[in-house]
Amino acid sequence: MTTIRLRVNDDAVTREVENRTLLVELLRDSLGLTGTHVGCDTSQCGCCVVLVDGRPAKSCTVLAVQVDGAAVTTIEGLARRPADGGAPALHPLQQAFIDCHALQCGFCTPGMVMSAAALLAGSPAPSDEEIVHALEGNLCRCTGYNNIVAAVRQAADELARGGADGLPASGSGSGSGPGSGSATAAATASTPAAGSVAKEA
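Numbering (this note's numbering), first residue to last: 9 to 209.
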């Protein structure tokens, strides 16, 4: 067993994990953050995308020990938590996916939203081509991708108007432990599934 310390959705977390424990297992089974879905277990579908130090990572193929010292954001952490302890407000990306009917069954949606969040943190006014490229590693088996691209575009416009605080830029998380570099490498290694969005966007 290995003790890891990280921040998950701005909360400090310390856990003892087996070295083989996947990040998605830590999030879902240990922390109860079930918004991160498991679709393929092979880094193909993108349902499990979370942000590790601001960068998208497919958590089904990242070990929990690799994110020791890192900052992890899941779909649950995207909503803004008011200082008075009231109900969280949806992030503009979450609201845009609703407004633009950018989902059907919704299973792929958390991964889509998190990949889009990483894009907007680094590129606040992306072109449609940049949106398509950022979502190439996310598959939707229900529908076409036009509404998804439209939702990201709407969220970008809302954020530009000051609709919500942005996410940390890539690499700006608080991680400084020995695992944070490994987590970044793992995120980079989770390459997109080629052409998934470009076919219909």
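Backbone N, C-alpha and C fix where the C-beta goes; we use that ideal spot for every residue, glycine too.
(message) Between the alpha carbons of V157 and R169, how many angstroms are there, rounded?
(response) Walking along the sequence shown from the start, residue 157 turns up at place 149. Walking along the sequence shown from the start, residue 169 turns up at place 161. Each residue's alpha carbon lies about 19 Å from the other.
(message) With distance defined between alpha-carbon atoms, name the residue in D61, G43, P132 nearest to C55.
(response) For the purposes of this step, residue 55 is taken as the residue at position 47 of the sequence shown. The shortest C-alpha to C-alpha distance from C55 to any of D61, G43, P132 is the one to G43.
(message) Helix, strand or coil for E137? Go by DSSP, reduced to three states.
(response) Stepping through the sequence shown from its first residue, residue 137 is reached at position 129. Reduced to three states, the DSSP call for E137 is helix.
(message) Beta-carbon within less than 8 Å of A87's beta-carbon, same chain only, minus the 5 sequence neighbours each way: which residues are those?
(response) Numbered from its first residue, the sequence shown carries residue 87 at position 79. P96, A97, L98, H99, Q102.
(message) Here's a check: name, in chain order, each residue in its chain whose Cβ is nearer than 7 Å to the Cβ of D19, leaving out the five neighbours to either side.
(response) Taking the sequence shown and counting its residues from 1, the one referred to as residue 19 is at position 11. Cβ neighbours of D19 beyond the five flanking positions: none.
(request) Using 10 angstroms around the beta-carbon of S135, count the other beta-carbons present and answer buried if the total reaches 16, otherwise exposed. (result) Taking the sequence shown and counting its residues from 1, the one referred to as residue 135 is at position 127. By the neighbour-count rule (16 or more Cβ atoms within 10 Å), S135 is not buried but exposed.
(message) Quick check: the Cα distance between A78 and I139, rounded to an integer number of angstroms?
(response) Within the sequence shown, residue 78 is the residue found at index 70, counting from 1. Within the sequence shown, residue 139 is the residue found at index 131, counting from 1. Distance between the alpha carbons of A78 and I139: 26 Å.
(request) Give a yes or no on whether the C-beta atoms belonging to S131 and G145 are separated by under 8 Å. (result) Counting from 1 along the sequence shown, the entry for residue 131 is found at position 123. Counting from 1 along the sequence shown, the entry for residue 145 is found at position 137. Between S131 and G145, the gap from beta carbon to beta carbon reaches 8 Å or more.
(message) Taking a contact to mean a Cβ-Cβ separation below 8 Å, would you say V75 touches V57 in this structure?
(response) Taking the sequence shown and counting its residues from 1, one reaches residue 75 at position 67. Taking the sequence shown and counting its residues from 1, one reaches residue 57 at position 49. The answer is no: Cβ separation not under 8 Å.
(message) Can you give me the C-alpha to C-alpha distance between D165 and N27, rounded to a whole angstrom?
(response) Taking the sequence shown and counting its residues from 1, one reaches residue 165 at position 157. Taking the sequence shown and counting its residues from 1, one reaches residue 27 at position 19. Taking the straight line from one Cα to the other gives about 42 Å.
(message) Per the DSSP calculation, A97 is bridged to which residue(s)?
(response) Here residue 97 is taken as the residue at index 89 of the sequence shown, counted from 1. Its beta-bridge partners are R88.
(message) Would A72 and V25 qualify as a contact pair, given that the criterion is a beta-carbon distance under 8 Å?
(response) Against the sequence shown, residue 72 aligns to sequence position 64. Against the sequence shown, residue 25 aligns to sequence position 17. Yes, the Cβ-Cβ distance between A72 and V25 is below 8 Å.
(request) Look up D37 in the DSSP assignment and say whether it is helix, strand or coil. (result) For the purposes of this step, residue 37 is taken as residue 29 along the sequence shown, with counting starting at 1. Helix.
(message) Please report the distance separating the alpha-carbon of L14 from that of V80.
(response) Locating residue 14 in the sequence shown gives position 6, where the first residue counts as 1. Locating residue 80 in the sequence shown gives position 72, where the first residue counts as 1. Their Cα atoms are separated by approximately 8 Å.
(request) Just tell me which of L31, Q52, Y153 has its CA closest to the CA of G40. (result) Indexing the sequence shown from 1 puts residue 40 at position 32. Answer by Cα proximity: L31.
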